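Working notes, beginning with the structure itself.
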Amino acid sequence: MTQHDYMKRAAYIAAFTAIFQLSACGGGGGGSSASSTPAPTLSAAQQNYENVVLSGNGGAHYVLGALSFTTNNSGGFTINAGSYFYTQDASLSASPAVAGTQRLTTGTSMLSASLAVPTVSPQRYVVNGAIVAGTIPATVQISYSGANVVETYLASDGQTPVETFQGTSYTSVPLAGAIANSPAELLTDTALSVITNTINGQSLYNKQSTWQPNAAYIKETRNYVGDTAFTGDCTAPATTGTSVTPCNSTASTLEGFFPFAMDNKTYNLTDGQIVTLAGARAWVSNAALSTATTEYRVFYQMNGHINSGALVRNGTPIAILPAGGTTPQNFQIFLNGAAAQSIKAAVTF
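Under this note's numbering, the first residue of the sequence shown carries the number 16, and numbering increases by one thereafter.
Structural data, given as structure tokens:
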């Protein structure tokens, strides 16, 4: 896949936690006592998760942003087409500890009234030897396993699991006072960094703005459950759905495909191993790619074509590069509802 398109997620949907309290109902008459149903016991991670993601608490919001500008001699500027600044949103109507496996309500919200949410194509995967596509917005089921939160992403059929994450740590950080004085890991290392730029001396947000009451963000640590096989277009043209543009339509086997130039290098047959991956015959590179989350180049032998993709192995932590940074961090930051509304009110474009 060109430019690692296979890793462009339509949604890194949040997994959060919060303190879930279930009131015990008791009743009785004539001196008799009634038993009460005990509240479910949640781990600290699950409590923090629900404190954000439950719809009654405002849901979880992951910020995505990219801005480009054209300046003029009079000191003004114009935000160029293709810029965006929005959140991917996720919420649960009930606790999985009470109601069992729940499906996230997912969507997007604009943080700037002048910018539109970009069109994003679903991620493609290889499952049981066939190409399947995810959904936009993501279709995600949430369940609890031990002390952890499990997110299962589903294909467009609403049933086939394509990607599973296990959330093991959720740390809540309260926000108060001026937005401009917020922790660096929030304003510098996330997509919120795009509004901290000054263009021709003009700020992109009101620096006198303050966080709304109960604003907070949560730091989430997740890892992959099971090997996950991605695929996508190797070359132009760009496609959607379950058909991808192959690297080669004439080589009938992996053995006859190499050498092949990709990722600023030339791959040879001996640089990897031929295995059965997700039900397909595949060549997997011995060396990891230069990506934040550790992944490996894959070439699939499918239906007389050679397709490209990537493998993320079981147990791999999800990592991202902080804005402007080169060292991956193994956590993601999500805003709660009050924090997201604070940012929306503060931006000036």
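Beta carbons: idealized from backbone N, C-alpha and C, even for Gly. Since the structure is predicted, the reported quantities are computational estimates derived from the model, not experimental observations.
Asked	Found
Selection from Leu219, Gln316, Ser300 that minimises the alpha carbon distance to Ile210	Leu219
Buried or exposed (CB count within 10 angstroms, at least 16 for buried), Leu37	With a pLDDT of only 25 at Leu37, under the threshold of 50, the placement of this residue in the model should not be trusted; the figure read from the coordinates follows. The residue in question, Leu37, is exposed, as its Cβ has fewer than 16 Cβ neighbours within 10 Å.
Cβ contact check for the region 333–346 and the region 81–89: 3 or more pairs under 8 Å	no
DSSP state of Thr285 mapped onto helix, strand, coil	helix
3 or more residues per run - each beta strand (DSSP E) lying fully within the region 70–119	75–81, 84–86, 92–94, 99–106
First through last residue of the beta strand (DSSP E) which encompasses Tyr159	155–160
Beta-carbon proximity check, Thr236 vs Glu178, cutoff 8 Å	no
Cα-Cα separation, Ser136 to Ala153	11 Å
Paired residues, beta bridge with Lys222 - DSSP	Answer is none; Lys222 lacks a bridge partner.
Complete runs of the beta strand (DSSP E) confined to the region 243–324 [at least 3 residues]	243–247, 275–277, 280–282, 287–292, 295–303, 311–317
Per-residue burial, Ala354 [other beta carbons within 10 Å of its own, 16 or more giving buried]	buried
Ala276 versus Thr250 - alpha carbon distance	12 Å
Per DSSP, cross-strand counterpart(s) of Leu326	Ala244, Tyr311
Sequence-distant residues of the same chain with beta carbon closer than 7 Å to Asn163, five excluded per side	Ala60, Gln181, Gly182, Thr183
Exposed unless 16 or more other CB atoms sit within 10 angstroms - verdict on Asn143	exposed
Exposure of Glu310, with buried meaning 16 or more beta-carbon neighbours within 10 Å	buried
For Asn238 and Ala170, the rounded distance between their alpha carbons	19 Å
From Asn196, Phe272, Val113, residue whose alpha carbon lies closest to that of Thr225	Asn196
Cβ-based burial, Ile96 [other Cβ within 10 Å; buried from 16]	Residue identity check: residue 96 is Ala in the sequence provided, not Ile. Exposed, by the Cβ-count rule.
Where Leu190 sits in the DSSP three-state scheme	coil
Nearest-angstrom beta carbon gap, Pro133 and Tyr99 [assumed within contact, 8 Å]	5 Å
Secondary structure of Ala354, DSSP reduced to three states	helix
8 Å CB neighbourhood of Leu126 in its chain, flanking five on each side removed	Val78, Gly80, Phe100, Tyr101, Thr102, Ala355, Ile358, Lys359, Val362
Pair within 8 Å by beta-carbon distance, Ile233 and Ser160	no
Contacting residues, own chain, Cβ-Cβ under 7 Å from Met317 (five flanking each side not counted)	Ala295
Extent of the continuous beta strand (DSSP E) run through Thr59	For clarity, residue 59 is Ala in the given sequence; the question names Thr instead. Premise fails: Ala59 lies in the alpha helix (DSSP H), 59–68, not in any beta strand (DSSP E).
Beta bridge counterpart(s) of Pro332 as assigned by DSSP	Asn238
Opening and closing residue of the beta strand (DSSP E) in which Leu126 lies	Here Leu126 belongs to no beta strand (DSSP E), and DSSP marks it neither H nor E.
Rounded separation between Phe245 and Gln223 - CA only	44 Å
For Ser184, three-class secondary structure by DSSP	strand
Residue environment, Asn329, which counts as buried when at least 16 other CB atoms sit within 10 Å	exposed
Terminal residues of the beta strand (DSSP E) in which Ala145 lies	145–148
Residue from Ile151, Asp286, Ile335 with nearest C-alpha to Glu270	Asp286
CB-CB length for Asn66 against Asn72, believed under 8 Å	6 Å
Alpha-carbon spacing of Pro55 relative to Ala325, whole angstroms	40 Å
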